[in-house]
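Protein chains in written order, with our numbering: chain A, 832 to 1060; chain B, 832 to 1060.
Data first, discussion second: the structure below is written as structure tokens.
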DNA sequence: ACATAGGTTTGATCCATCGCAATGACGGAT
DNA sequence: ATCCGTCATTGCGATGGATCAAACCTATGT
């Protein structure tokens, strides 16, 4: 996706070579000492890493937003998760990434070598536990999402999405969605048109307000919770 | 489900009190010493633990089969995984189980206290790593399944299911499915009728043979792989 | 301020899957 | 061996969401 050879992520993002080594003060894993972190930036729609590429780095979003996804051979896409500021992504127990990652908007990430995390886990039980807990958190989200994808109606999915985003990125009661309708559809297992229709209906019913297609205010969260099933 | 109060799993299975303490020789976690395991049996359709119950035990299937699932308030069900002999299930990083578990057929499991595993992980890095790896394995499965649920057609889902079961429980080229059509449907995000229709079509096309609805022989695995997308 | 391109909304139609109902086939119990 | 209850299959009509198409915004850069 987007003219990226099968090279490790850092080399891939040659456009913005803002490599800033940061010793210590690394909040990714309970601020563990001895870890060297770097910052890196990706432009909108730039690939961070591809599916099945070696998982040499673990990432944390500083600012911006990231989508991780799987593709079928004919182009159908399933987005597994959106990653917002402070979220960690790309953490793998196995050798390779199992989903690809792309910047949704211009994005800055912090990253550490996966190998250094494994070393730290080998000596520090707290780190090992943190790695497990983070993976378990991803699993929890995936399990909830399987229920959504397998058994919920379009409206229930959209209501769920709005509540998730409201919880994760609403500042002053206002949500500024970084992703387009197609991304939302590919996250919810719907088409972009169905997402748009559901949002329009919620707007008509007064459940939410728009100021631009991606600026949303929720007027009635309880109503959304009821719709979420 | 099936008249089970909200008590921890071991107490719940009062029907078959086959509690057999087994010191050592416990293959659940790379045969770690000092862990006490017990065996336990559940009858067909008996609940092993409920959603959001305390996750005090980790289980391994000895014989039989287990389904783990989530329910919506109106009864819609999403099965997250089927667990077959040797599979571990019920391993959680958090306090509670996030899916319920039921025996699909009469089933015997081995179990250890989750607390004893955590203790072992605190002193033995190998155990800690194994816990992480197992959770990561569950996550991988869930990610693949999200793609299936969100983006694949009914026939693609059924083809995928047949290949998964073939890989996991085919002995002499023959598959003996422990679960009914409804279970398969709730796993694949389909109705039982749609599953049945897909299987009938594959039978008509000569891709598989039946000897009883749950005894299946695959005649053309490559064809199924092509259908899986 | 304007033009443009990408993104979004909305409308009209189609179709894969659902939901219901009836029939049929096993497998377990007697 | 036979009966019976559960499970599976099949047919048919309904429908939610997909697909195709057009119009409409609104951010971005000129």
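We put the beta carbon where it would ideally sit given N, CA and C, even for glycine.
Note that this is a predicted model, so its numbers are computed, not measured.
Nearest to residue i by alpha carbon, out of the options?
{"i": "residue 1026 of chain A", "options": "A:935, A:1015, A:933", "result": "A:1015"}
{"i": "residue 880 of chain B", "options": "B:984, B:902, B:933", "result": "B:933"}
{"i": "residue 897 of chain A", "options": "A:875, A:904, A:882, A:905", "result": "A:875"}
{"i": "residue 1001 of chain B", "options": "B:923, B:924, B:1048", "result": "B:1048"}
{"i": "residue 873 of chain B", "options": "B:866, B:941, B:917, B:907", "result": "B:941"}
{"i": "residue 917 of chain A", "options": "A:965, A:1038, A:1044", "result": "A:965"}
{"i": "residue 971 of chain A", "options": "A:912, A:908, A:900, A:1053", "result": "A:912"}
{"i": "residue 1006 of chain A", "options": "A:974, A:1032, A:1042", "result": "A:1042"}
{"i": "residue 943 of chain B", "options": "B:871, B:1034, B:954", "result": "B:871"}
{"i": "residue 988 of chain A", "options": "B:981, B:989, B:1028", "result": "B:981"}
{"i": "residue 864 of chain A", "options": "A:950, A:878, A:877", "result": "A:950"}
{"i": "residue 866 of chain A", "options": "A:945, A:990, A:923, A:1046", "result": "A:945"}
Look up residue i in the DSSP assignment and say whether it is helix, strand or coil.
{"i": "residue 1010 of chain B", "result": "coil"}
{"i": "residue 864 of chain A", "result": "coil"}
{"i": "residue 1042 of chain A", "result": "coil"}
{"i": "residue 931 of chain B", "result": "strand"}
{"i": "residue 1025 of chain B", "result": "helix"}
{"i": "residue 885 of chain A", "result": "strand"}
{"i": "residue 923 of chain A", "result": "coil"}
{"i": "residue 1036 of chain A", "result": "coil"}
{"i": "residue 906 of chain A", "result": "coil"}
{"i": "residue 898 of chain A", "result": "strand"}
{"i": "residue 874 of chain A", "result": "coil"}
{"i": "residue 1060 of chain A", "result": "coil"}
{"i": "residue 1016 of chain B", "result": "helix"}
{"i": "residue 911 of chain B", "result": "strand"}
{"i": "residue 855 of chain A", "result": "Low confidence applies here, because residue 855 of chain A scores a pLDDT of 35, under 50, leaving its location unreliable; read the following figure in that light. Three-state DSSP puts residue 855 of chain A in coil, outside helix and strand."}
{"i": "residue 942 of chain A", "result": "strand"}
{"i": "residue 892 of chain B", "result": "strand"}
Using only the alpha-carbon positions, how far apart do residue i and residue j sit?
{"i": "residue 976 of chain A", "j": "residue 1019 of chain A", "result": "8 Å"}
{"i": "residue 1059 of chain B", "j": "residue 894 of chain B", "result": "29 Å"}
{"i": "residue 887 of chain A", "j": "residue 910 of chain A", "result": "22 Å"}
{"i": "residue 1051 of chain A", "j": "residue 997 of chain A", "result": "12 Å"}
{"i": "residue 969 of chain A", "j": "residue 938 of chain B", "result": "29 Å"}
{"i": "residue 978 of chain A", "j": "residue 890 of chain B", "result": "23 Å"}
{"i": "residue 855 of chain B", "j": "residue 967 of chain B", "result": "For residue 855 of chain B, the predicted structure reports a pLDDT of 36, less than 50, and the residue's modelled location is therefore unreliable. A value from the coordinates is still provided. The alpha-carbon atoms of residue 855 of chain B and residue 967 of chain B are separated by roughly 26 Å."}
{"i": "residue 985 of chain B", "j": "residue 925 of chain B", "result": "34 Å"}
{"i": "residue 1012 of chain B", "j": "residue 1024 of chain B", "result": "8 Å"}
{"i": "residue 868 of chain A", "j": "residue 983 of chain A", "result": "40 Å"}
{"i": "residue 903 of chain A", "j": "residue 1003 of chain A", "result": "38 Å"}
{"i": "residue 1053 of chain A", "j": "residue 1039 of chain A", "result": "12 Å"}
{"i": "residue 993 of chain B", "j": "residue 927 of chain B", "result": "32 Å"}
{"i": "residue 1021 of chain A", "j": "residue 930 of chain B", "result": "25 Å"}
{"i": "residue 1017 of chain A", "j": "residue 936 of chain A", "result": "17 Å"}
{"i": "residue 958 of chain B", "j": "residue 947 of chain B", "result": "11 Å"}
{"i": "residue 900 of chain B", "j": "residue 883 of chain B", "result": "12 Å"}
{"i": "residue 1032 of chain A", "j": "residue 1056 of chain A", "result": "16 Å"}
{"i": "residue 921 of chain B", "j": "residue 1009 of chain B", "result": "20 Å"}
{"i": "residue 961 of chain A", "j": "residue 877 of chain A", "result": "29 Å"}
{"i": "residue 1035 of chain B", "j": "residue 995 of chain B", "result": "21 Å"}
{"i": "residue 1028 of chain A", "j": "residue 905 of chain A", "result": "26 Å"}
{"i": "residue 1030 of chain B", "j": "residue 953 of chain B", "result": "48 Å"}
{"i": "residue 963 of chain B", "j": "residue 963 of chain A", "result": "5 Å"}
{"i": "residue 991 of chain B", "j": "residue 1037 of chain A", "result": "42 Å"}
{"i": "residue 974 of chain B", "j": "residue 955 of chain B", "result": "29 Å"}
{"i": "residue 923 of chain A", "j": "residue 907 of chain B", "result": "32 Å"}
{"i": "residue 1045 of chain B", "j": "residue 892 of chain B", "result": "20 Å"}
{"i": "residue 885 of chain A", "j": "residue 885 of chain B", "result": "36 Å"}
{"i": "residue 915 of chain B", "j": "residue 999 of chain A", "result": "37 Å"}
{"i": "residue 1142 of chain A", "j": "residue 919 of chain B", "result": "Any question about residue 1142 of chain A goes unanswered here, given that chain A covers just 832 to 1060."}
In the DSSP assignment, find the unbroken alpha helix (DSSP H) run with residue i in it and report its ends.
{"i": "residue 968 of chain B", "result": "956-982"}
{"i": "residue 936 of chain A", "result": "Element bounds for residue 936 of chain A: n/a, residue is neither H nor E."}
{"i": "residue 1000 of chain A", "result": "985-1000"}
Let's see if you can read the secondary structure: which residues bound the beta strand (DSSP E) around residue i?
{"i": "residue 878 of chain B", "result": "878-880"}
Quick check: does the Cβ of residue i come within less than 7 Å of any heavy atom belonging to the ligand ADP?
{"i": "residue 1056 of chain A", "result": "This structure simply doesn't include the ligand ADP, nor any ligand for that matter."}
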